[in-house]
Amino acid sequence: MKDGVNGVALAVFIFFFLVVTVLGFLAARWRKAENALHLDEWGLGGRSFGSWITWFLLGGDLYTAYTFVAVPAAVYAAGAAGFFAVPYTILVYPLIFTFLPRLWSVSHKHGYVTTSDFVRGRFGSKGLSLAVAVTGILATMPYIALQLVGIQAVLDVMGVGGGESTNWFIKDLPLLLAFGVLAAYTYSSGLRAPALIAFVKDTLIYLVIAVAIIYIPIKLGGFDDVFAKAGEAYQQVNPATGSPRGSLAPGDSAQWAYGTLALGSALALFMYPHSITAVLSSRSRDVIRRNTTVLPLYSLMLGLLAMLGFMALASGVGAGVKGYNGQLAIPQLFENMFPSWFAGVAFAAIGIGALVPAAIMSIAAANLFTRNVYKDFIKPDATPAQETQVSKAVSLLVKVGALVFVLTMDKTVAINFQLLGGIWILQTFPALVGGLFTRWFHRWALLAGWAVGMVYGTWVAYGVASPTQKHFGGSSDTIPVIGQIGYIGLTAFVLNVVVTVVLTVVLRALKAPEGLDETVKADFTADAGDPGVRKDAPVGAGH
7 MKDGVNGVAL AVFIFFFLVV TVLGFLAARW RKAENALHLD EWGLGGRSFG
57 SWITWFLLGG DLYTAYTFVA VPAAVYAAGA AGFFAVPYTI LVYPLIFTFL
107 PRLWSVSHKH GYVTTSDFVR GRFGSKGLSL AVAVTGILAT MPYIALQLVG
157 IQAVLDVMGV GGGESTNWFI KDLPLLLAFG VLAAYTYSSG LRAPALIAFV
207 KDTLIYLVIA VAIIYIPIKL GGFDDVFAKA GEAYQQVNPA TGSPRGSLAP
257 GDSAQWAYGT LALGSALALF MYPHSITAVL SSRSRDVIRR NTTVLPLYSL
307 MLGLLAMLGF MALASGVGAG VKGYNGQLAI PQLFENMFPS WFAGVAFAAI
357 GIGALVPAAI MSIAAANLFT RNVYKDFIKP DATPAQETQV SKAVSLLVKV
407 GALVFVLTMD KTVAINFQLL GGIWILQTFP ALVGGLFTRW FHRWALLAGW
457 AVGMVYGTWV AYGVASPTQK HFGGSSDTIP VIGQIGYIGL TAFVLNVVVT
507 VVLTVVLRAL KAPEGLDETV KADFTADAGD PGVRKDAPVG AGH
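If you count the sequence shown from 1, you need to add 6 to reach my numbering.
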């Protein structure tokens, strides 16, 4: 790391940050709603976004600053295992093509704002709806915190905030200012702010990766030299484990872990509330279908992004530095390789890449609380205006909570909770996706399956140790019966499904009471222009 502040890079970073700040506040005037105090407007952008905006919004939502930092950092640390993110994003789009249009249709018809709204309407169970909502909030909080980790990595490399001995307030002031501004324009503009900023974010990311994948290998002597040097670095023995640091290709023993992590992550990605929020903001089911066919372009970008981990190794970033944080590898690579002005552009791409998803995540978590805790259990007669005000306030609290989390705890804690978040959110799949295709599952069986999956996944993850951590040291463990190492979340999901199916059979045999299903078959294929489906369907209709 260079001494002092990189003034040129910082100036470029600040310029782009100011641009997106202005856009964030102007977004309140973009597609201005007649009634801004309505959750459809503040939390879902009026359900009016077309294919172009939805593509950028979903891309900005799913491919975050932490993706930009963590995927190549995983390759930097362990090798090809870090590429699991590429096959999982390839798997996910055919999967969501089958169920997201159905979710959009039924949500549009009934005015559902969250996945928990749908679960409650489909199964007539406030308890199951609450379980899905709480899981979504718990899984989202550390995800927001990790966006802060991405910004911190950039600020550290630019030399902003001083060293470890600096007063904590001065050291963290840039981060506090960044999220203060984020909180202000999200409160003001709602989902329209990240939708507008996503254009800038994605343009910068594509530009930076296109330049990096050509320019950096040239400076390092070509891809042959990059792979050769990376291979040599992976052969070095890790003193903590006594084994080689990593490999250019996963060995036979790692294939189950690699495959189950990719599959489990694919199943989980669109269970996250922020993913669904972006989907429900689109104006028609055809918009969703078109987006699932073009979003794989981001997977191409992700593969190129992962290659930066090899380049960081080949360039010697962090080599010989005791206690070096691998999360700094890519920002440091940019600082070392790029001219200062373009390093600033790259840092801005990462920083803005944190602001967009953090805004959407906080809105999604706030909507869950408002609709499925506040309205269902505290104030059932809440007006649309009251719902919107509560959601705005909760979105601020969520951001503050994430900020406190990162500033007061070790970064590995946030990473551990994010690993848990993936395991947890996967347990909502049977209720959500199962409910989109069948009403056969019993609501009590779904709730029991969810509970078993949550408890098993958390318990097993707690027992996973690593060379540096006694608990929550990873997301993989031995799969029962099979005996191979695999993703804990997928094992918990299978257990969840087994419990749900078995109990459904038992409960149906006992004729246990089922909840009221407020949906009909035609709701799942309805479009915006169909009779009986209004574009301005009131929030809570049928809820």
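All C-beta atoms in this analysis are idealised placements derived from N, C-alpha and C, irrespective of residue type, glycine included.
Range covered by the alpha helix (DSSP H) that runs through residue i
{"i": "residue 52", "result": "Here residue 52 belongs to no alpha helix (DSSP H), and DSSP marks it neither H nor E."}
{"i": "residue 483", "result": "Premise fails: residue 483 lies in the beta strand (DSSP E), 482–484, not in any alpha helix (DSSP H)."}
{"i": "residue 488", "result": "Taken as a continuous stretch (DSSP letters only), residue 488 belongs to no alpha helix (DSSP H), as it is neither H nor E."}
{"i": "residue 500", "result": "494–515"}
{"i": "residue 33", "result": "Looking at the DSSP string, residue 33 is not in any alpha helix (DSSP H), and its letter there is neither H nor E."}
{"i": "residue 345", "result": "Where residue 345 is concerned, there is no enclosing alpha helix (DSSP H), given that its DSSP letter is neither H nor E."}
{"i": "residue 461", "result": "449–468"}
{"i": "residue 474", "result": "Here residue 474 belongs to no alpha helix (DSSP H), and DSSP marks it neither H nor E."}
{"i": "residue 6", "result": "The requested residue 6 does not occur in the structure, where the chain is confined to residues 7 to 549."}
{"i": "residue 384", "result": "No alpha helix (DSSP H) contains residue 384, which DSSP labels as neither H nor E."}
{"i": "residue 265", "result": "261–275"}
{"i": "residue 441", "result": "435–443"}
{"i": "residue 392", "result": "390–414"}
{"i": "residue 209", "result": "198–226"}
{"i": "residue 48", "result": "45–48"}
Residue j beta carbon less than 8 Å from that of residue i
{"i": "residue 196", "j": "residue 51", "result": "yes"}
{"i": "residue 438", "j": "residue 277", "result": "yes"}
{"i": "residue 26", "j": "residue 361", "result": "yes"}
{"i": "residue 55", "j": "residue 201", "result": "yes"}
{"i": "residue 463", "j": "residue 471", "result": "no"}
{"i": "residue 74", "j": "residue 384", "result": "no"}
{"i": "residue 534", "j": "residue 114", "result": "yes"}
{"i": "residue 81", "j": "residue 315", "result": "yes"}
{"i": "residue 450", "j": "residue 516", "result": "no"}
{"i": "residue 440", "j": "residue 481", "result": "no"}
{"i": "residue 161", "j": "residue 181", "result": "yes"}
{"i": "residue 394", "j": "residue 44", "result": "yes"}
{"i": "residue 550", "j": "residue 60", "result": "Outside the displayed span of the chain (7 to 549) sits residue 550, for which this structure offers no information."}
{"i": "residue 250", "j": "residue 241", "result": "yes"}
{"i": "residue 295", "j": "residue 107", "result": "yes"}
{"i": "residue 320", "j": "residue 235", "result": "yes"}
{"i": "residue 291", "j": "residue 111", "result": "yes"}
{"i": "residue 339", "j": "residue 109", "result": "no"}
{"i": "residue 317", "j": "residue 217", "result": "no"}
{"i": "residue 268", "j": "residue 90", "result": "yes"}
{"i": "residue 358", "j": "residue 206", "result": "yes"}
{"i": "residue 252", "j": "residue 84", "result": "yes"}
{"i": "residue 346", "j": "residue 15", "result": "yes"}
Residue range of the beta strand (DSSP E) that includes residue i
{"i": "residue 525", "result": "Counting along the chain, residue 525 falls outside any beta strand (DSSP E), and DSSP gives it neither H nor E."}
Which residues DSSP lists as bridging residue i, in chain order
{"i": "residue 85", "result": "253"}
{"i": "residue 118", "result": "According to DSSP, which records beta bridges pairwise, residue 118 is partnered with nothing at all."}
{"i": "residue 321", "result": "Its beta-bridge partners do not exist; DSSP assigns none."}
{"i": "residue 243", "result": "250"}
{"i": "residue 288", "result": "55"}
Integer Cβ distance of residue i from residue j, believed to fall under 8 Å
{"i": "residue 49", "j": "residue 369", "result": "6 Å"}
{"i": "residue 374", "j": "residue 139", "result": "4 Å"}
{"i": "residue 96", "j": "residue 305", "result": "5 Å"}
{"i": "residue 11", "j": "residue 166", "result": "6 Å"}
{"i": "residue 183", "j": "residue 364", "result": "That pair is no contact at about 14 Å."}
{"i": "residue 191", "j": "residue 199", "result": "5 Å"}
{"i": "residue 335", "j": "residue 341", "result": "In fact, because the Cβ distance is near 11 Å, the residues do not count as touching under 8 Å."}
{"i": "residue 307", "j": "residue 215", "result": "6 Å"}
{"i": "residue 34", "j": "residue 194", "result": "5 Å"}
{"i": "residue 141", "j": "residue 430", "result": "5 Å"}
{"i": "residue 491", "j": "residue 274", "result": "Their Cβ separation, rounded to whole angstroms, is 19 Å, which puts residue 491 and residue 274 out of contact at 8 Å."}
{"i": "residue 159", "j": "residue 333", "result": "5 Å"}
{"i": "residue 226", "j": "residue 78", "result": "Going by Cβ atoms, the distance from residue 226 to residue 78 rounds to 15 Å, so no, they are not a contact pair."}
Below-8 Å beta-carbon distance, residue i vs any chain C residue
{"i": "residue 306", "result": "Reference to chain C is not applicable here, since this structure consists of a single protein chain."}
heavy atom of the ligand NAD below 7 Å from residue i C-beta
{"i": "residue 346", "result": "Inclusion of the ligand NAD in the displayed structure is not the case, the ligand content being empty and no account of it being possible."}
Problem - Touch test, the region 444–463 against the region 499–511, Cβ-Cβ under 8 Å, three pairs minimum - result: yes
Practice task
Mind the definition here: the region 93–102 touches the region 378–390 only if three or more C-beta pairs lie below 8 Å; say whether that holds.
Solution key: no
Handout entry: Three or more C-beta pairs below 8 Å linking the region 267–285 and the region 61–77
Key = yes
Handout entry: Segment contact, 8 Å Cβ cut-off, at least three pairs: the region 126–133 with the region 65–84
Key = no
Exercise for the section: Pair every Cβ in the region 403–414 with every Cβ in the region 252–259, then say whether three or more of these pairs are closer than 8 Å. Expected result: no
Exercise for the section: Say whether the region 518–527 touches the region 479–495, bearing in mind that this needs 3 or more beta-carbon pairs closer than 8 Å, one atom from each stretch. Expected result: no
Handout entry: Stretch pair the region 427–447 + the region 396–403: three plus CB contacts closer than 8 Å
Key = no
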